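When we follow numbering that gives the first Met the number 0, the leftmost residue of the sequence shown carries the number 0, and every step to the right adds one.
Idealized CB from N, CA, C, for every residue including glycine.
Keep in mind it's a predicted model, so treat the numbers as computed, not measured.
In what follows, a structure is listed as structure tokens, so that the remarks can point back to it.
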Amino acid sequence: MALPTSPPEPARLAGDNWLANCAEWPDLVRQAWRVEALGTIVTGTRWLAAEAPLVVVLAAMKRIPHAELGPVLADPTVEKGWWLVPLDAADHLSDIRQLRVRPPGWPLRCPPTGWQLCGRFWLQPPDGSGLVTAPPLLGAALGPGGPRLPAEAFG
0 MALPTSPPEP ARLAGDNWLA NCAEWPDLVR QAWRVEALGT IVTGTRWLAA EAPLVVVLAA
60 MKRIPHAELG PVLADPTVEK GWWLVPLDAA DHLSDIRQLR VRPPGWPLRC PPTGWQLCGR
120 FWLQPPDGSG LVTAPPLLGA ALGPGGPRLP AEAFG
């Protein structure tokens with residue numbers, strides 16, 4: 000049985016619509032969700048999925064400013080999590096050992112934003128805006144000391 004996990008209704012609907020519309024066949028994703036099954040969204044159309052051990056994901060999320068944190072999916076049953084990242088993220092994150100950027104065409108099986116299904120749930124749900132986590136922020140969050148502002152920020 001699916002368990003609710005919480006965003007407010009308008010944000011949840013916007014996130015679900017955006018997420019389903021990232022799929023080649025949005026209606027199939029919505030149909031899967033209606034019968035409490037995971038929807039499959041293939042990476043490479045609007046974003047890629049960056050995979051890491053769940054403990055790494057949880058620690059790194061604390062180091063990224065909330066306003067800049069894109070969607071993050073978790074599956075404690077396999078101890079993994081996935082950030083949604085831009086299409087060029089693999090170029091920027093290839094040297095991060097604990098992170099694996101999945102290639103275009105990789106199927107990400109995900110629940111709708113307000114539910115836990117088959118052990119998976121959104122730690123940071125999509126909000127419908129299209130925001131994904133920027134590779135420099137993610138890379139810095141996974142490195143020692145957390146994200147750093149560029150030198151230009153200090154004038």
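Legend entry - Rounded distance between the beta-carbons of C109 and G38, thought under 8 Å: 6 Å
Legend entry - Simplified DSSP state of L27, which is helix, strand or coil: helix
Legend entry - Distance CB(L47)-CB(G127) smaller than 9 Å: no
Legend entry - Between the CA atoms of G104 and Q123 - distance to the nearest angstrom: 23 Å
Inset, instruction - Measure from the alpha carbon of W121 to the alpha carbon of each residue in L107, V41, D26, then state which is nearest. - result: L107
Legend entry - Within 9 Å, strictly: CB atoms of L83 and V34: no
Inset, instruction - Between the Cα of A73 and those of R62, D94, N20, A58, spot the shortest distance and give me the residue it belongs to. - result: A58
Legend entry - beta strand (DSSP E) runs contained entirely in the segment 70-108, provided each spans 3 or more residues: 71-74, 79-84
Inset, instruction - Measure the C-alpha to C-alpha separation of L86 and V100 and round it to an integer number of angstroms. - result: 10 Å
Inset, instruction - Taking only the alpha-carbon atoms, compute the straight-line gap between I63 and N20 and give it to the nearest angstrom. - result: 26 Å
Inset, instruction - Could you spell out the range, first to last residue, of the beta strand (DSSP E) harbouring L68? - result: Here L68 belongs to no beta strand (DSSP E), and DSSP marks it neither H nor E.
Inset, instruction - Could you tell me whether the Cβ of W82 comes closer than 9 Å to any Cβ of chain D? - result: Absent from the structure: chain D. Only one protein chain is present.
Legend entry - G142 in three-state terms, based on DSSP: coil
Inset, instruction - Identify, in the order they occur along the chain, each residue of the same chain with its Cβ nearer than 8 Å to the Cβ of V28, setting aside the five sequence neighbours on each side. - result: L18, A19, A22, G38, T39, I40
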